[in-house]
Structure formats: structure tokens, C-alpha cells
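Take a look at the structure set out below.
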Amino acid sequence: MSLSDVFKNFLFLLDYWWIAFFIAALVSFLDIWGRYWRLLFFYKARKDWIFLRVNLPRDSEKTPLAMEQVLTGMHGIAKRYFYWSDRYIWKHRTETMSLEIVGIGGSINFIIGVAKRHEDMVRGSVFSHFSEAEIDIVSDYTYAVPDDPISENWDMMGSAFKLEENSMFPIKTYDSWLLADESEETRKNDPLAVLAESYSALKAGEQIWLQFVISPLISEEWKKWHNRARAFRNEIDRPGSKKQGLEEETVKGGRGFFRALIGKDPFEKEEEKLKFRFPSTVDVLIIKAITSKIELPIFEVTMRNLYIATKESYHKYHMSLLAGAIRMHGDSTSNHFGLDNSDRIRVKYFPEFFREHRLNYKKRRLLKHYRMRYLKEDKNSSFYLSTKELASVFHFPGRTVSAPGLKRVPFRTSKPPEELPTL
Numbered sequence: 003m004s005l006s007d008v009f010k011n012f013l014f015l016l017d018y019w020w021i022a023f024f025i026a027a028l029v030s031f032l033d034i035w036g037r038y039w040r041l042l043f044f045y046k047a048r049k050d051w052i053f054l055r056v057n058l059p060r061d062s063e064k065t066p067l068a069m070e071q072v073l074t075g076m077h078g079i080a081k082r083y084f085y086w087s088d089r090y091i092w093k094h095r096t097e098t099m100s101l102e103i104v105g106i107g108g109s110i111n112f113i114i115g116v117a118k119r120h121e122d123m124v125r126g127s128v129f130s131h132f133s134e135a136e137i138d139i140v141s142d143y144t145y146a147v148p149d150d151p152i153s154e155n156w157d158m159m160g161s162a163f164k165l166e167e168n169s170m171f172p173i174k175t176y177d178s179w180l181l182a183d184e185s186e187e188t189r190k191n192d193p194l195a196v197l198a199e200s201y202s203a204l205k206a207g208e209q210i211w212l213q214f215v216i217s218p219l220i221s222e223e224w225k226k227w228h229n230r231a232r233a234f235r236n237e238i239d240r241p242g243s244k245k246q247g248l249e250e251e252t253v254k255g256g257r258g259f260f261r262a263l264i265g266k267d268p269f270e271k272e273e274e275k276l277k278f279r280f281p282s283t284v285d286v287l288i289i290k291a292i293t294s295k296i297e298l299p300i301f302e303v304t305m306r307n308l309y310i311a312t313k314e315s316y317h318k319y320h321m322s323l324l325a326g327a328i329r330m331h332g333d334s335t336s337n338h339f340g341l342d343n344s345d346r347i348r349v350k351y352f353p354e355f356f357r358e359h360r361l362n363y364k365k366r367r368l369l370k371h372y373r374m375r376y377l378k379e380d381k382n383s384s385f386y387l388s389t390k391e392l393a394s395v396f397h398f399p400g401r402t403v404s405a406p407g408l409k410r411v412p413f414r415t416s417k418p419p420e421e422l423p424t425l
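Taking this note's numbering, the leading residue of the sequence shown gets 3, the next gets one more, and so forth.
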């Protein structure tokens, strides 16, 4: 084909430029329209929300196991709505809730955000395992901050979180620091103690918010996730399933060449014919953890945090302490949390045109998503946690968590004796 023919074909395609323009415009319209409807859905749903603050006595003996049972009860809040998804289709969306750990000027609060009609169910779930708890309704603390804090002598930083590995691969749970003896010394390894100390170090004008927006996984969605998790586990469990590295593939390819050329592999040893791989000790631990996870109720989760302060009080080091506490939920044999760059306050692309404007836009967007308790559908931004994993990262503090900023019930309450006469 000559150069003139290529040029003629190019001119021919230019005559149909409007088709490519129409497709690009349609995709852009559907994306913007879908984002609008999703945000409108969460905005309308939040109008009926209440926020319950939970306080416990200082000598509470409850462990994260009790919180796991509370979350199992809350998993029953599963009303569904039609919802415009990020795949440009209407589908069902299970109702969401929010679990939040809030530090304001050194005080620490544990808050559950839920629709008003589910208040009794949440209170019942908490009181059934924390009978000494004190629950009161509070206002939405996020509106104590200006809508545009950047222009009103405030500054902020934060990010959403994701799981670095496949979400079928579980994080480290409370079993790792709460052993069978349940001694006080083992409970002191609770990552919540590190988190509480970082919150207690906040000064006047500083706030740290940590949020878990959760949605129960039920019905067909749970079955699909369960089948994928079983396939993921079986892939690890199957003998010989370990992926080969580049060096192993090169050696195997060279030996295959000799086998095709002379009819046998001159480098093959007799024992290699009988050699195949069984799961290693680490694989056995992973398989056991995945099996334990898929047997429990599952939540879809969006996790984000925000540090906001007046410019006079602003210090970034608080975020380092928070990141250290979150990193305690992962190790070499478990999944771990990482930062989600799609909802992170930073500008990383070169050249950095309009850097300040882009940073301020991301700050306002993150604040809006936090206020709306927005559950993102992007597979890289939302993930799946079992009730046990969720109880490990969000649970009410026991007596070994002794940070000064924790608000406690001054004394333990109990029911009156049954034989006491009543009017």
C-alpha cells in the first residue's frame, strides 16, 4: 500500500468523525449522569439518618468477639433499593450503615450512623452484648466544619483505603493479639490502643475521622462472592498450582526444545518425574484463613479517613500514627490496607499544572464523600470484610485501652432484682 493510499484512507475515516464523537459524548454523558444519580441516592438516604454514640464503663471485660456478634446482628439490616450503578444499569443496592471513630480536640467517640427506622435494631444488637453501654443520639459532627474549609482558615488531608491483595484474602484478625488465655497482657496488643493514643494527642482545633461505610452482602451477590472465594481458595490448594517465575519458565522452555529435538530431556532426573508441589506451611495458613472468612457474614466496605484542623494547629504527624495503627492489621501471611489513589489528596502527575486548585478540589471532594457516607462501587475502592475482620478494625475499647481521651460511663448499671415489687 502506497503512501497516497494511506492518506486517502485517512481522509475517508475523517468523513465519519462524528461517529467517534457521538460514542465519546454518550459515554461521558452516562458517566456524569450516573455519578449524579449515585450521589443523589446517598444524599437523600442520609437525610433520614441518626448517629448513635456508644460509651462503655472503664472496667468493661468485653472483647472484639462481642463486637463480631453485634455486627452479625446488624447484618440483618438488608433492605434493598434500585440504584444506578457504575456499569450504567439499574440494579439493587443493599442499605448502608457507617461505623466511625472520631477524635475531636483529644476526645474519642465511637459512632454508628444508621437510618432512623433501624435505631431499635442497632440498639438491641449493642445492648444484647454490651448491656452496660450508654447510647445517645448526637448530631452529625462533620457539619461543624465549614463546607469549604480551605477558604476559611482550615486545612485538611486524608485518603480512602483499599486492600492491597484480593479481598478474598483476609486481614489479620483479633485472634492474633487475643489468645486463648485472654490475659490482660495479650489484650494490650490491640491496635485500637495505638489509635486511641494518637487521637488523645490531638489539640484544640484538630480532628481525625475514621469511617467504615458498610453494606451487607446478601442473596445473589453473596452467592457470587462465595463462589469466587471458593475458586480462589481451591486455586491455592491444588497441588502444582504455584506460578513459575521467569527463570523457571526459561529453563522449562529450553528443556522442551531438547525434548522435541531428540525425543527426551537429557537434563531430567528420575526423581523429577515424580515431583509435584504440595501447599506450603504458609499456603496452609492462608487456605485456613480464607475458609474461615467465607463461612462468615460478609460486608462490602468503603474505608476512608480525614485529618482536619485550623491552620494554626495543623500537624501532619498525626496521620503517621494513624497509618501505623492501621498497618498492624496486616503481615506476611495476611492481607493489609493500602491507600486508594482514586480518592487521595495529592497531585502526582507531571506536569503539575494548577497544583493548588487540583489539591483543593480533591480535599472538597473527599469531605463531601465522607459527609454523604458514600459507598464507592469501584472494585479498587471498595472491598469485602467478614464480621470478624470488621470487628477487628472497629470495636469498642476494653479496660486495657486506657487513653485519656476515651469517654467512659462513670459507673456500671444493672437491672433491678426480679423479686423487687413494682407498681
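We put the beta carbon where it would ideally sit given N, CA and C, even for glycine.
Since the structure is predicted, the reported quantities are computational estimates derived from the model, not experimental observations.
Go through its chain and collect everything with a Cβ distance to THR304's Cβ below 6 Å, but skip five positions before and after it. The residues are VAL215, LEU377, LYS378, SER384.
Ends of the beta strand (DSSP E) at TYR309? 300-312
Mark LYS365 as exposed unless 16 or more other C-beta atoms lie within 10 angstroms of its C-beta, in which case mark it buried. buried
When the Cα of SER141 is compared with those of ARG119, LEU54, MET123, which residue comes out closest? LEU54
So, with DSSP's three-state summary, where would you put TRP35? In the three-state scheme derived from DSSP, where H, G and I count as helix and E and B as strand, TRP35 is classed as helix.
Locate the alpha helix (DSSP H) running through TYR201, then write down its first and last residues. 193-202
For the beta strand (DSSP E) containing ARG375, name the first residue and the last one. Here ARG375 belongs to no beta strand (DSSP E), and DSSP marks it neither H nor E.
Exposed unless 16 or more other CB atoms sit within 10 angstroms - verdict on GLU358: exposed
Burial state of PHE339 (16 or more Cβ within 10 Å): The C-beta of PHE339 has 16 or more other C-beta atoms within 10 Å across all chains shown, which makes the residue buried.
Just to confirm before moving on: does the CB-CB distance between VAL128 and ALA117 stay below 8 Å? One thing to note: VAL128 has its Cβ no nearer than 8 Å to the Cβ of ALA117.
Is the beta carbon of HIS371 sitting closer than 8 Å to the one on ASP345? The answer is yes: Cβ separation under 8 Å.
Express the C-alpha separation of ALA291 and LEU165 in angstroms, rounding to a whole number. If you take the alpha carbons of LEU165 and ALA291, they lie about 16 Å apart.
Can you tell me where the alpha helix (DSSP H) with GLY75 in it begins and where it stops? 66-76
Just the Cα atoms here: how many angstroms apart are LYS64 and ASN57? 13 Å
Classify TYR145 as helix, strand or coil using the three-state DSSP reduction. helix
May I have the straight-line CA-CA distance separating PHE396 from ALA27, to the nearest angstrom? Linking PHE396 to ALA27 through their CA atoms gives a straight-line distance of about 43 Å.
Per-residue DSSP class, three states only, for VAL215: strand
Could you tell me whether the region 222-230 touches the region 102-121, using the rule of 3 or more Cβ pairs below 8 Å? No: fewer than three Cβ pairs fall under 8 Å.
Could you pull the start and end residues of the beta strand (DSSP E) that ASN57 belongs to? ASN57 -> beta strand (DSSP E) spans 51-57.
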